[in-house]
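Student: Sequential numbering from 777 applies to the sequence shown in this note's numbering.
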Amino acid sequence: GSRKQIGSATKKENEKVWREFREACNAFFAAKKSFFDELKDQYREVREKKQALLEEAEQLKDSTAWRQTADRLKALQAAWKEAGSAGPRDEHKLWSKFREACDGFFQARKAHFKEQDAAQAEHVKARNELIAEIEGFTLTGQRQADIDALKAFSQRWMECGRVSPRDYDKLNERYRAALDGQYDQLKLEAEERRQMRFQGHLEELKGAPDGKDRLDREQRIVRRKIQDMEQEMRQMEQNLGMFNFKSASGEQMRRDIEKRMERTKEEVERLKVQHRQLLKELR
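(1) Tell me whether C878 sits in a helix, a strand or coil according to DSSP, three-state version.
(2) Considering only residues of the same chain and omitting the five flanking positions on each side of E911, which have a CB-CB separation below 7 Å?
(3) If contacts are defined as beta-carbon pairs under 8 Å, then R932 and L962 qualify, I think. What distance do you get, rounded to the angstrom?
(4) Indicate whether the contact test is met: 3 or more Cβ pairs, each with one atom in the region 882 to 893 and one in the region 841 to 861, closer than 8 Å.
(5) Roughly how many whole angstroms lie between the Cα atoms of Q853 and R820?
(6) Could you tell me the distance, in whole angstroms, from the CA atom of R938 to the CA atom of P985?
(7) So, is R823 buried or exposed, given that buried needs 16 or more other C-beta atoms within 10 angstroms?
(8) Distance check for D1004 and R1060, CA to CA, integer angstroms please.
(9) Would D924 and L915 qualify as a contact pair, given that the criterion is a beta-carbon distance under 8 Å?
(10) Closest by CA to Q971, which one among F805, K927 and I1002?
(11) Going by other Cβ atoms of all chains shown within 10 Å of its Cβ, with 16 needed for buried, is R1052 buried or exposed?
(12) Is Q835 near L870, with beta carbons less than 8 Å apart?
(13) Would G957 be called buried (16 or more neighbouring beta carbons within 10 Å of its own) or exposed?
(14) Determine the burial state of G917: buried for a count of at least 16 other Cβ atoms within 10 Å of its Cβ, exposed for fewer.
(15) Looking at the structure shown, is Q918 part of a helix, part of a strand, or coil, going by DSSP?
(16) Using 8 Å as the Cβ pair cut-off and three pairs as the minimum, do the region 1007 to 1022 and the region 1036 to 1045 touch?
(17) Closest to K825 by CA distance: which of A841, K788 and K857 is it?
(18) Should E1013 be labelled buried (16 or more other beta-carbon atoms within 10 Å of its own) or exposed?
(19) If I measure Cβ to Cβ from N1015 and keep anything under 7 Å in the same chain, skipping five residues before and after, which residues do I get?
(20) Using 8 Å as the threshold, is the C-beta distance between K890 and L830 below it?
(21) How about E1057 and L978: are their beta carbons less than 8 Å apart?
(22) Identify the continuous alpha helix (DSSP H) that holds L947 and give its terminal residues.
(23) My output table needs one value for F1019: the three-state DSSP class, helix, strand or coil.
(24) Which term fits R903, buried or exposed, when burial requires 16 or more other beta carbons within 10 angstroms of its beta carbon?
Next up, the structure:
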């Protein structure tokens, strides 16, 4: 029916129309082929990119470097979104595996921190109980026994387990006040008391969550103090060499400078001992 409606044409016209029709079809199929070839190339390129992202995610999924790995996986997820589609055949399969790797890591991280929070809550409780015990402790009057008891408290403090830096600083302030209160009642000699204080301070630094950093910061501060005091001593020595101390007031000034030099020298020696102890802890 449709041919009748179109009407008949000469052979020559038929051939011309057929040729034009065939050319149009060829052009269409060539364009279609070109489009799908291009799409295939595009899909292949995206597939290769996503395959590489998947491989890296699978390598990272069991990592326990929590912060670093979380940042990297988030970057991989962003790159995955930007990459586009790998095509109907591969996209879903790749995405399922990629999501599984990412979810595996993030679930493990969540479980780890949940466990860590529970452990830290226990450690906070233990530290609070120890502070209460120190505050309630009554000295026996037996000097050495009391010193040993207070040292035992320090040892237990160090063994209480990790807490967050924020919690540690708050708890440590209360612990230090409680322990110092007990040491104050012991009526120790100034030097012995100073040594015990430093020992206690050293133990607190070691017990902190970021203990190494704190020890390093402390040794830098002590080293700086030593350098400043040695510079001060050199200055005093120069002053002794320059001034005329023949008058009575001059003689008094000379004695004062010498006394100050002696005190500074003793303090430098003390600080050097502390500095050596700090370096030893850092090894």
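Positions of the beta carbon are idealized from the N, C-alpha and C atoms, including for glycine. Please read all numbers here as calculations on a predicted model, not as lab measurements.
Tutor: Inspection of the coordinates gives the following:
(1) Here C878 sits in helix by DSSP.
(2) Once the five neighbours on either side are set aside, the close Cβ partners of E911 are A954.
(3) Not really, about 19 Å apart at Cβ, beyond 8 Å.
(4) Because the criterion of three Cβ pairs below 8 Å is met, the region 882 to 893 and the region 841 to 861 touch.
(5) One C-alpha to the other measures close to 19 Å.
(6) If you draw a straight line from the Cα of R938 to the Cα of P985, it comes to about 6 Å.
(7) When all chains shown are included, R823 counts as buried.
(8) For the chain, the structure presents residues 777 to 1059; residue 1060 sits outside this window and is missing.
(9) No, Cβ-Cβ distance for D924 and L915 is not below 8 Å.
(10) When the alpha-carbon of Q971 is set against those of F805, K927 and I1002, the nearest one is in K927.
(11) R1052 comes out exposed.
(12) Going by C-beta atoms, Q835 is not nearer than 8 Å to L870.
(13) Exposed, since its Cβ has fewer than 16 Cβ neighbours within 10 Å.
(14) It is exposed - the Cβ of G917 has fewer than 16 other Cβ atoms within 10 Å.
(15) It is coil, neither helix nor strand.
(16) Remark: three or more beta-carbon pairs, one from each stretch, lie closer than 8 Å, so the region 1007 to 1022 and the region 1036 to 1045 are flagged as touching.
(17) With distances taken between Cα atoms, K825 lies closest to K857.
(18) E1013 is exposed by the Cβ-count criterion.
(19) Around N1015: I1033.
(20) The answer is no: Cβ separation not under 8 Å.
(21) Annotated as proximal: E1057 and L978, with beta-carbon spacing under 8 Å.
(22) That run of the alpha helix (DSSP H) goes P941 to Q961.
(23) Looking at F1019 - three-state DSSP - the assignment turns out to be coil, as it is neither helix nor strand.
(24) When all chains shown are included, R903 counts as buried.
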